[in-house]
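The opening residue of the sequence shown carries number 381 in the working numbering; numbering runs sequentially from there.
Positions of the beta carbon are idealized from the N, C-alpha and C atoms, including for glycine.
I have placed the structure first, in the form of structure tokens, so that the comments after it can refer back to it.
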Amino acid sequence: MSRYFRGMEMFLHHVQVSGPTGCEPDMRAFYVGVLGMTEVTKPERLQARGGAWFRAGSAEIHVGIEEGFVPARKAHPGIAVADLEALASSVEAAGAPVTWDDNIPGLRRFHTADPVGNRLEFQQAAQTA
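So this is what it looks like as structure tokens:
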């Protein structure tokens with residue numbers, strides 16, 4: 381018998397990013413107002429910890445409150461979207477950075493930062509003629 385478990389199909393449920401105490405209003409404005417996600421009510425037992433949860437389709441991002449918070453500058457969720465150009469326009473209109481990256485053939489993508497500086501990647505398969 382293998383010492384490693386194999387064969388179970390897995391799906392990503394959520395990604396957690398962090399933020400400082402009191403960041404929830406700004407995070408709601410960005411994740412809901414700019415990215416178009418929906419806020420998910422946290423379970424009652426977890427609400428006292430602060431933070432917020434957001435969902436769009438099967439993508440879920442949890443914002444956790446972290447003492448001594450420092451934003452993730454390299455680590456990031458990579459989220460596939462249906463209309464990358466429209467999302468980039470919304471992000472730019474909100475004043476957040478949009479940094480395009482064409483280093484992966486066949487994939488359009490950009491990086492941005494949420495209101496507390498966490499890095500986020502959004503991507504869409506490139507259209508072929």
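Please determine, among G399, E501, A462 and A409, the residue with the shortest C-alpha to C-alpha distance to I484.
-> Here residue 484 refers to the residue found at position 104 when the sequence shown is read from its first residue. Nearest C-alpha to I484: E501.
Pair within 8 Å by beta-carbon distance, V450 and V397 = Residue numbering aside, residue 450 sits at position 70 when the sequence shown is read from its first letter. Residue numbering aside, residue 397 sits at position 17 when the sequence shown is read from its first letter. No, these two residues do not count as a Cβ contact at 8 Å.
A506 and R499 closer than 8 Å at C-beta | Your numbering for residue 506 matches position 126 in the sequence shown. Your numbering for residue 499 matches position 119 in the sequence shown. No.
Residues that DSSP places opposite S398 in a beta bridge | Position 18 of the sequence shown, counted from the start, is the residue given in the question as residue 398. According to DSSP, S398 bridges with G444.
In angstroms with no decimal places, state the Cα-to-Cα distance between A460 and W433.
-> Here residue 460 refers to the residue found at position 80 of the sequence shown. Here residue 433 refers to the residue found at position 53 of the sequence shown. Near 18 Å, if we compare the C-alpha coordinates of W433 and A460.
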